[in-house]
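Each residue of the sequence shown is one higher than the last, beginning at 0 in numbering that gives the first Met the number 0. Quick reminder that beta carbons are idealized off the backbone N, C-alpha and C, glycines included. No experiment lies behind these values; they were computed from the predicted model shown.
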Amino acid sequence: MKTVLITGANRGLGLGMIKYLTKFNNTEKIIATCRKTSEELSLLAQESNKLQIISLDVTDWNSLKDVTSQIGNAVGASGLNLLINNAGVTTKFTKLSLVKVEQLLDNLTVNTVAPIMLTQSLVPLLKQASEANNSAPMGSDRAVVINMSSILGSITQNDQGGFYPYRCSKAALNAATKSMSIDLKKEHILVAAMHPGWVRTDMGGKNAPLDVDSSVAGMFATIQKLGEADSGKFFQYDGSELPW
Ligand code: NDP
């Protein structure tokens, strides 16, 4: 893959993915989008001329047209090979007796509505990349959308209840992933949902068993192996398939 875009790239898993791509991958253009650039992300951009930072609050719908044109200029004729909808939020401790409307709507807006609207806006660039590589099989040499989901969005694996805002928003993102995979099949754009594992970030907390680098290396190894039969499926960072 020549061109990659990752949302929420200033910290946590997003930053980890940018680091990985600048150091270990032959990607030609890496676009990091974030609300506020962190010192670490700025340093990476100073060190790598492949990396471009574009400002994006994923819930700022009015900015999508302008941001899409900035991304189009950045990737040029190659189009966009890989979009990772990574930016996300969670509201913890939301038992049925306590959950609030604002928490449900906030998680849904960032975790579900935003990835749908950004993908919608970037389809022409994904299509361009897919067409530019039409002799390659479906996958990261053509065009891929990865929606960063969570095992907490799996209905099958929910045996503990609670977490209403986060679970519902990620389950809805999973539903969107399936629809995108069907709708974009004719353009040969692969779409999959990814669970990064339980990872030590601000969101995952200090007790999470997995470090960012291991999760990120696993996710990219998995993404690079995806083929046509994997579109519309839900994977864990280590490549194993998860139930919806
Ligand atoms: P962090 O809380 O560490 O980082 C979240 C990122 O999302 C930040 O860059 C944040 O930016 C960004 N973000 C949130 N809201 C917006 C917005 N409106 N516009 C733009 N960016 C926004 O989380 P992780 O890195 O751990 O999580 C990344 C993804 O992985 C999420 O989708 C999460 O649900 C998923 N995930 C994480 C797991 C874990 O164990 N860590 C487990 C399962 C899934 P800002 O700094 O501006 O707030």
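Per the C-alpha coordinates, the member of Leu43, Asp105, Val190 and Val143 positioned closest to Asn173 is Val190. Tyr163 places its beta carbon 7 Å or farther from that of Leu151.
At least one heavy atom of the ligand NDP lies closer than 6 Å to the C-beta of Ser149. Under the 10 Å beta carbon count, Thr155 is surrounded by fewer than 16 other beta carbons and is classified as exposed. Bounds of any beta strand (DSSP E) do not take in Thr108, whose DSSP letter is neither H nor E. Burial state of Lys185 is exposed, judged by a 10 Å Cβ sphere holding fewer than 16 other Cβ atoms. The beta-bridge partner set that DSSP reports for Met147 consists of Met193. In the three-state scheme derived from DSSP, where H, G and I count as helix and E and B as strand, Lys18 is classed as helix.
When C-alpha distances from Val3 are compared across Gly196, Ser54, Leu124 and Thr36, the shortest belongs to Leu124.
Residue burial annotation: Phe234 is buried, with at least 16 other C-beta atoms found within 10 angstroms of its C-beta.
Assigned with DSSP and collapsed to three states, Asn84 falls in strand.
Per DSSP, Lys94 lies in no beta strand (DSSP E) and is assigned neither H nor E.
At a cut-off of 6 Å, the beta-carbon of Gly238 does not count as near the ligand NDP: no heavy atom of the ligand is closer than that. Exclusion of Trp60 from the 6 Å shell around the ligand NDP follows from its C-beta lying no nearer than that to any non-hydrogen atom of the ligand. The three-state secondary structure of Val57, taken from DSSP, is coil. Rounded to whole angstroms, the gap between the alpha carbons of Thr93 and Asp105 is 13 Å. With a threshold of 6 Å, the Cβ atom of Gly87 counts as near the ligand NDP, since some heavy atom of the ligand is closer than that.
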